[in-house]
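Counting from 6, one number per residue, gives the positions in the sequence shown under my numbering.
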Amino acid sequence: MSSMELPVNSSEQALEFVDSCALPTTWANFTMHAFIEPSTGKEHIALSLGDVASGEPVLARIHSECLTGDALFSKRCDCGPQLELAMQKIAAEGRGVILYLRQEGRGIGLLAKVQAYHLQDEGADTVEANQRLGFAADLRSYSLCDPMLKHLGISSVKLMTNNPRKIAALQNMQVHVDEQIPLIIARNPYNERYLATKATKLGHMLSPDL
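Here it is as C-alpha cells:
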C-alpha cells in the first residue's frame with residue numbers, strides 16, 4: 006500500500022493519499038482513490054472515470070456523505086438521488102470525478118443527525134433542527150477538495166451542484182468552474198419542506214415552490 010502526504014491550505018490540516026483500486030458499478034467502472042485526514046481519522050474517497058488530468062474541464066460532483074440517503078434510500082432528502090444521477094451523468098460522458106467527503110448531516114455527524122430528524126418530526130425545519138442542537142446551519146468545509154483535485158490533476162470542472170457555496174469554495178482554491186450543472190430531484194411529501202428550506206435559508210439554486 007502506497008501513501009503520500011498532500012498539502013492543504015491550512016497548516017493545521019493534512020490529507021494523505023492511501024491507495025487506488027477499480028470500482029465496477031451499475032453505470033461504469035470507476036477508479037476509487039482513498040484519502041485520510043490524520044488529524045481526525047476521517048476517510049474520504051474520490052471516484053474518477055476516464056482521463057481527468059488532460060486539462061479539459063472535468064464533469065464533477067462534490068458530495069457530502071449521507072448514510073440515510075446514499076445507502077438507506079431515505080426520501081427525506083435529495084442526497085442519494087443526486088449521487089446516483091451524478092454517477093449516471095459521468096458514465097454517459099465517459100469522464101468525470103466525484104469527491105465523496107465524510108461530512109454527515111452537513112457536518113454534525115450521524116448521531117446528531119438522528120436527533121435533528123427527531124426535531125424535524127416534531128415540526129422544525131432542517132436548519133432550525135441543527136440550530137436547536139447547538140450547531141450552525143451548515144458546518145461543512147470543502148478545503149479538502151483542493152489537495153484531492155491536485156492529486157488527480159484537475160484544475161477546471163463542470164460542477165454538478167445546486168449549492169453556490171461549493172462553487173465559491175472551488176473558485177477560492179483557484180479551481181476554474183467552467184459550468185454549473187443543476188441536479189434537480191423530484192419532490193415528494195417527505196422532502197418537499199427540506200428542499201424549500203435549502204432554497205430559502207441556505208441559498209441553494211432551487212425554486213422554493215418547485
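All C-beta atoms, glycine included, are put in the ideal place defined by N, C-alpha and C.
For residue i versus residue j, is the C-beta spacing smaller than 8 Å?
i: Leu200; j: Met165; result: no
i: Ser69; j: Gln108; result: yes
i: Leu72; j: Leu52; result: no
i: Ala39; j: Val23; result: yes
i: Val132; j: Lys206; result: yes
i: Tyr105; j: His49; result: yes
i: Leu64; j: Lys163; result: yes
i: Gly99; j: Gly55; result: yes
i: Asp126; j: Thr202; result: no
i: Gly60; j: Asp75; result: no
i: Glu42; j: Leu20; result: yes
i: Ile159; j: Gln87; result: no
i: Asn177; j: Met210; result: no
From the DSSP secondary-structure annotation, give me the bridge partner or partners of residue i.
i: Ile41; result: Glu21 and Glu48
i: Phe35; result: Leu28
i: Ile127; result: The displayed chain sequence assigns Glu, not Ile, to residue 127. Per DSSP, none; premise fails for Glu127.
i: Val102; result: Ser53 and Ala65
Between residue i and residue j, how many whole angstroms is the CB-CB distance? I'm expecting something under 8 Å.
i: Ala96; j: Arg66; result: Not a contact, Cβ separation roughly 12 Å.
i: Gly112; j: Asp83; result: About 17 Å; that fails the 8 Å criterion.
i: Pro152; j: Gly208; result: Wrong, their Cβ atoms sit about 26 Å apart, outside the cutoff.
i: Leu124; j: Arg137; result: 6 Å
i: Ala173; j: Phe140; result: With 8 Å as the limit, Ala173 and Phe140 do not qualify as a contact, their Cβ atoms being about 21 Å apart.
i: Thr36; j: Ser25; result: 6 Å
i: Pro62; j: Ser161; result: 4 Å
i: Ala121; j: Gly110; result: 6 Å
Taking 8 Å as the CB-CB cut-off, is residue i touching chain D?
i: Leu211; result: The structure shown has no chain D; it contains just one protein chain.
**Message:** Any contact between the region 70-84 and the region 174-187? By contact I mean 3 or more CB pairs, one from each, below 8 Å.
**Reply:** no
**Item:** Whole alpha helix (DSSP H) elements within the region 153-207, 4-residue minimum
**Value:** 169-177 and 197-206
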